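Mind the numbering: the sequence shown is residues 1 to 756 in the UniProt record's numbering, read in order. Take a look at the structure set out below.
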Amino acid sequence: MAEKLGVYICGGCDIGDNLDVDALAEFSANGKHSSYVTVAKSNPVLCSPEGKAMIEADIAEHGLDGVVCCACTPRAKWDVFKFGEKVQVERVSLREQCVWSYQEDPQFPGQMEVIAKDYVNMGIIKMFNSKIPEPEFPEAFKTVLVVGGGWAGLNAALNAASLGYPVVLVEKADTLGGKAATMYKSFPLGAPFSDREQQIDVADLIAKVEANDKIQVITGATIEALAGAPAQYKATIAGTEYEIGAVVMSTGFVPGKTKFLAPLGYGTVKNVVTSAEFEAMAAGDGIKTPDGKTPSSVAFIVDTSLLTKDVVYGECGEACEEELPCGESSTEEDECEVFDYSDKESAKHLAYSSELTSLVALKHANYVRELAPDATAYVIYDHMMVPGINEKYYQAAQDDPGIMLTKGTVTGVSQVGSSAVITAKNTLLGADIELAADLVVVPTAVVPTTAAEPTMNFVYRQGPAFPDLELFDGFADSNYICFPYETRRTGVYAAGCVRQPMGLGLAAEDAAGAALKAIQCIESANRGMSVHPRSGDLSFPEFNFMRCTQCKRCTEECPFGALDDDEKGTPLPNPTRCRRCGTCMGACPERVISFSNYGISQIGQAIKEVKVPDTLEEGGPRIIVLCCENDAYPALDMAAMRGKSWSPYVRFIPVRCLGSVNAIWVADAMSKGVDGVMMLGCKYGDDYQCHFVKGSELCNRRKENIAESLGRLGVEPERVEQYEVSIDMYDQVPAMIDEFVENITTNFGPNPFKGY
């Protein structure tokens, strides 16, 4: 615990104009926590050189081990308020959460001083209950394991090796190069972006990898097992165990199942091929029709709307009447395989691939112009997605008289003589059209290898595969909005099409990013620090195993598989897997998990510091707002900075993640007479934005248990609500707060425990 505290009140940024900062310092020195406070002072501008020098002088003179800075948000000037490794700092936001956002209530004037005193007391008690973390310093393995020897994997290996890290590169096939080695050419990877296509020098990339003495290449092998934790992994490859620090997973994709392309004529119209098959033609003997002739016309379908209809088709490609199999009015189910073309393996993966599908169609149209110069290339698209500089590539195709592009919704593909006929509506000309072509090319879905296989074969309690990848239909990215490259397994970073569909240029960039993430992970673990999103955090979960009941909630709910079980079923921590979100802390019913500087008791004590009037008539209601530090707290700061205000009866307590919220905090608040608890966290569900992936969702599940407990106590469950907030909702958050306060006071009145 921090036992010698210095409390410092800033008078800058309108704080001194609205609050008596000298009186607040006196309140801190002589108030209920005076035994903890060694020195308390005010300063006109605490972040000034003079203000910082004053704090540093007090630390030296009084041996302070904790500093409570009552000034601006902790998200500002974090680099200024640092005073060495042995002095902890607690920030109290008097600027954003008191002065700048204060909303006067004529019924109870003068609330600003009450707010400020609550926050000062909360800051003092949080600091008193905080300890300096004592991290573990594992002996870190430095080797980067690159899984997959395609374009992304080769680039990742070279990037890591160029920074001095040894690399083990594992490729499932007998040769390196992956799908890039089978391509004829690529769309432009650099200027000029209007060029038809670009040669891919995969052989040169392979030669550089094989010549690099820091890279060990293993072909014809997969990862049989990956055990341990970041910086201390043990990877079993071809029966041999390797010591690994971190992993770049660049295992690429497999083409989507062709049976899902039946509505576009694949399998029934002989002239229809997939884009993958067309690429193989170009790289092989050239572009040919099924009868071996050079086509005079080739049509490329980019529109996939026919594949996304919620309709059941038979193997013949025709829609079944009332879900009956093909064959007139027959009801014999075994006459034809019936499957749903809205299946995620087809429509969703093709939808994810839209940008890549567009660029590939343009590239293939240019193949036609090169390899069959007398032929015409037609591109029919629903949405042509060529963002950024690739617009020049699209414009070059528009200018080519041998390439015709039209928007259109494809309604069918049929065989007419030796040609395939495409019917389409909603074209640029407005009319329905029929287009005959010697060859029709339909898109290939990019299905990540992780969609169907464990790939890494983790030796984790939560299983060998990545969890919950159905949210992204198998793609391994765990939080594409905030943290690209990162998977749900700390220490494993995805690059290339296993993360999301992309071309070779983006895959090379991905490889560099993932390699740097892997190196950051190794170096952070080596210093006892966490990685993303709490980069540099030295804390880690501490367990009081004497009270553990082996309920396994912490091991099951951890979003990152940081906990295994020992032979007795007791949680077995793996500190370097942990991202310090505190989800395990929120899950534990016995409250045996905490962090040195963030714990059940610490936050519970802070809640109890809020001064709650015995009745509503004596000073209004009190609402505790537990707000996620990643989206909700910044949104509050942004609202205050833009002059927004909210009810003076709320008190904010930042939490690492709503997943860390323990039910005891709500119980503490209600038993104290708090009238409502509002939880502000990231969005959850299929389109989640939670920095810790599952935290907000888990909190929502636990809220149902909290509601049940409140009901048994005779307290309305509606007094506790969770709200989803993204960082850009700063203009909406104040209204959410005011509506919640109004709902509590109008519809429920005072907490029945108020005054006890």
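By construction, the Cβ of each residue, glycine as well, lies at the ideal position given by its N, Cα and C atoms. All values reported here derive from a predicted model rather than from experimental measurement.
DSSP places S358 within a helical segment (H, G or I) once states are collapsed to three.
When the Cα atoms are used, A606 and N121 turn out to be separated by approximately 8 Å. The beta carbon of I593 is closer than 6 Å to those of P541, F543, C584, M585 in its chain, skipping five residues each way along the sequence. It is roughly 12 Å from the alpha-carbon of N526 to the alpha-carbon of A246. When beta bridges are read from the DSSP output, L626 appears opposite I653, M679. Looking at L362, K425, G417, L371, the one whose alpha-carbon comes closest to that of M404 is L362. With respect to the C-alpha of V741, the residue from F475, E721, M281, F278 having the closest C-alpha is E721.
Taking 4 residues as the shortest admissible run, the segment 562-604 contains the following complete alpha helix (DSSP H) segments, listed from N- to C-terminal end: 583-587.
Closest in alpha carbon position to C558, among V248, G695, I653, is G695. Within the segment 360-395, the complete beta strand (DSSP E) runs of at least 3 residues fall at 376-381. For R489, the closest C-alpha among the options G228, V45, A211, V217 is that of G228.
Per DSSP, N43 is not a residue of any alpha helix (DSSP H); the beta strand (DSSP E) it occupies stretches across 37-43.
In this structure the segment 132-149 lies against the segment 229-241, because at least three pairs of beta carbons, one per stretch, are closer than 8 Å. C-alpha of F545 to C-alpha of D14: approximately 48 Å in a straight line.
In terms of Cα proximity to S34, the closest of E56, V168, K4, A76 is K4. Per the DSSP secondary-structure output, Y8 pairs in a beta bridge with K41, C69. Rounded to whole angstroms, the gap between the alpha carbons of K117 and P575 is 37 Å. When the five nearest sequence neighbours on each side are left out, the beta carbons in the same chain lying within less than 8 Å of the beta carbon of F595 are those of P133, S539, F540, P541, E542, R580, G582, M585, in order along the chain. Around the C-beta of I706, 16 or more other C-beta atoms lie within 10 Å, and the residue is accordingly described as buried. Of the candidates K644, R591, L616, Q689, the residue whose Cα lies closest to the Cα of D631 is Q689. In this chain, the beta strand (DSSP E) harbouring M404 covers 403-407. The segment 451-462 makes no contact with the segment 416-425, as fewer than three CB pairs between them are under 8 Å. As the crow flies, the alpha-carbon of F260 is around 20 Å from that of H383. About 6 Å separates the Cβ atoms of I115 and P648, confirming a contact at the 8 Å cut-off.
Under the three-state reduction of DSSP, P752 is assigned to coil, being neither helix nor strand.
Here M249 is bridged, per DSSP, to V147, A494.
The residues Y485, Y493, in chain order, have a CB closer than 6 Å to that of K517 in the same chain once the five nearest residues on each side in sequence are set aside. M641 and W100 have their C-alpha atoms some 7 Å from each other. Proximity to F560 across T487, G711, A511 peaks at T487, based on C-alpha coordinates. Taking C-alpha positions only, T274 is separated from A663 by approximately 54 Å. Beta-carbon to beta-carbon, S186 and I206 are separated by about 16 Å, too far to satisfy the 8 Å threshold. Exposure of G463 is indicated by the presence of fewer than 16 other C-beta atoms within 10 angstroms of its C-beta. For T182, the three-state secondary structure derived from DSSP is helix. Excluding the 5 residues flanking it on each side, T409 has same chain C-beta neighbours closer than 7 Å at D303, S305, D382, A424, K425, N426, in chain order. Between S414 and D438, the gap from beta carbon to beta carbon reaches 9 Å or more.
With contact defined as three or more Cβ pairs closer than 8 Å, the segment 613-621 and the segment 678-685 are not in contact.
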